[in-house]
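Data block below; observations after.
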Amino acid sequence: MNNKKIILNLLQSLHPEINFENELHHFVSSGILESFDIVQIISELETLLGIKIPGTELVPENFESLDAICSLATKYQGTQS
């Protein structure tokens with residue numbers, strides 16, 4: 087399963103009432119995702135993808151869209167020593 091599908095499934099599990107495939111952006115600024123959601127997303131991504139995302143990346147811009155979250159996850163894949 088690719089990162090985008092993993093992240094989409096994760097988002098849908100957090101908010102099944104939202105169609106994240108059609109919501110293109112503004113997940114945080116529109117209130118779809120809140121701080122607790124972001125913490126859950128980070129925790130799940132670290133577990134599912136075997137990555138470590140530093141606290142400096144916990145900024146709204148990294149969670150505003152499916153593509154932004156995918157980019158964040160991809161950035162840290164393969165960087166573990």
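Counting from 87, one number per residue, gives the positions in the sequence shown under this note's numbering. In this text, a Cβ means the ideal position worked out from N, Cα and C, and glycines have one as well.
By how many angstroms is the C-alpha of Val-145 removed from the C-alpha of Gln-98? Position 12 of the sequence shown holds residue 98. Position 59 of the sequence shown holds residue 145. Going from the Cα of Gln-98 to the Cα of Val-145 covers about 21 angstroms.
Which two residues bound the contiguous alpha helix (DSSP H) that contains Lys-90? Position 4 of the sequence shown, counted from the start, is the residue given in the question as residue 90. First-last of the alpha helix (DSSP H) with Lys-90: 89-100.
Can you tell me the Cα-Cα spacing of Ile-139 and Glu-147, whole angstroms? Position 53 of the sequence shown, counting from 1, holds the residue named residue 139. Position 61 of the sequence shown, counting from 1, holds the residue named residue 147. C-alpha separation (whole angstroms): 14 angstroms.
If you draw a straight line from the alpha carbon of Ile-92 to that of Leu-134, how long is it in whole angstroms? On the sequence shown, residue 92 is found 6 positions in, with the first residue counted as 1. On the sequence shown, residue 134 is found 48 positions in, with the first residue counted as 1. Their backbone Cα atoms lie some 8 angstroms apart in a straight line.
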